[in-house]
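Worksheet: the structure to be examined is printed underneath.
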Amino acid sequence: MKKKLAIYPGTFDPITNGHLDLIERGLRIFDDLIIAVAPSTKKQPLFDLSERTAMIKNAVRKYKNVKVESFHGLLVEYASSKDGIAVIRGLRAVSDFENEFQMALMNRRLDMNIETVFSDAVRRVLIPKLHDRKRGSHHSGRNKGSRAGGGRDCVARKNSMYLKKGANELLFQIMKNVLRTKLLG
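So in numbering that gives the first Met the number 0, spot 56 of the sequence shown is number 55, and the numbers just go up one at a time.
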């Protein structure tokens, strides 16, 4: 059986704990992962491409099924050349989803075999909120950033621009459908 390979692209200037969290969760879904480090002329990175690549290699050295490479050109062409089946993209807020979704649609138009999987802060914001609703408690009246359980979820929620009511369920359903379609058939 062919291994499932995902590409996690970005500038990673520098790599953060959020990136590492997404890498770990990506490895739960995919057999192998390539961290594709992009040169960024628009963002004017703090570290050059070789420094960023070296930092990432050091940060992920414990993972045997993770490779770190730089790439140039179109992401979807790079993913295809590596026999990747998916691109992993991290989201911090609903506003990220709008831009990322447009890129995912364009990538799909260029190569129908490459899926885009969205994750990161969305998981921390959506799943605890949906879980709380299943237990019958509703936290919409609480102060900003407060939530049963606190911790990392509060930070992610503060940074998520407070998802509009209903938008989080819609985004969660879209993510579930993309995963279900690609992974379950």
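We put the beta carbon where it would ideally sit given N, CA and C, even for glycine.
Computed from a prediction, not measured in an experiment: that's the story for all the values here.
Suppose you measure from the CA of residue i to the CA of residue j; what does that come to, to the nearest Å?
i           : j           : result
residue 118 : residue 9   : 14 Å
residue 96  : residue 75  : 18 Å
residue 53  : residue 98  : 29 Å
residue 6   : residue 112 : 13 Å
residue 101 : residue 115 : 11 Å
residue 26  : residue 3   : 10 Å
residue 1   : residue 89  : 25 Å
residue 22  : residue 66  : 11 Å
residue 107 : residue 39  : 23 Å
residue 78  : residue 70  : 10 Å
residue 82  : residue 41  : 28 Å
Which residue from the options puts its Cα closest to that of residue i?
i          : options             : result
residue 87 : 36, 72 and 60       : 36
residue 57 : 108, 34 and 90      : 34
residue 43 : 69, 11, 60 and 25   : 11
residue 93 : 105, 173, 20 and 21 : 173
residue 73 : 28, 105, 16 and 29  : 105
residue 45 : 17, 13 and 60       : 13
residue 15 : 80, 49, 81 and 55   : 55
residue 51 : 68, 61, 91 and 62   : 68
residue 18 : 49, 81 and 59       : 59
To which residues does DSSP link residue i through a beta bridge?
i          : result
residue 8  : 35
residue 89 : 118
residue 68 : 35
Quick check on DSSP: helix, strand or coil for residue i?
i           : result
residue 160 : Unreliable positioning characterises residue 160 in this predicted model, as indicated by a pLDDT of 40, which lies under 50. The coordinate reading is nonetheless provided below. If DSSP states are grouped into helix, strand and coil, residue 160 belongs with coil.
residue 115 : strand
residue 75  : helix
residue 123 : Confidence at residue 123 is low in this model, with a pLDDT of 45, below 50, so its placement is unreliable and the value that follows should be read with caution. Residue 123 falls in the helix class under three-state DSSP.
residue 185 : There is no way to answer for residue 185, as the model of the chain reaches only from 0 to 184.
residue 101 : helix
residue 25  : helix
If contacts are defined as beta-carbon pairs under 8 Å, then residue i and residue j qualify, I think. What distance do you get, rounded to the angstrom?
i           : j          : result
residue 64  : residue 31 : 5 Å
residue 103 : residue 29 : Not confirmed; about 17 Å, so no contact.
If you measure from the beta carbon of residue i to each beta carbon in chain C, is any gap under 8 Å?
i          : result
residue 18 : Among the chains in the structure shown there is no chain C, since it carries only a single protein chain.
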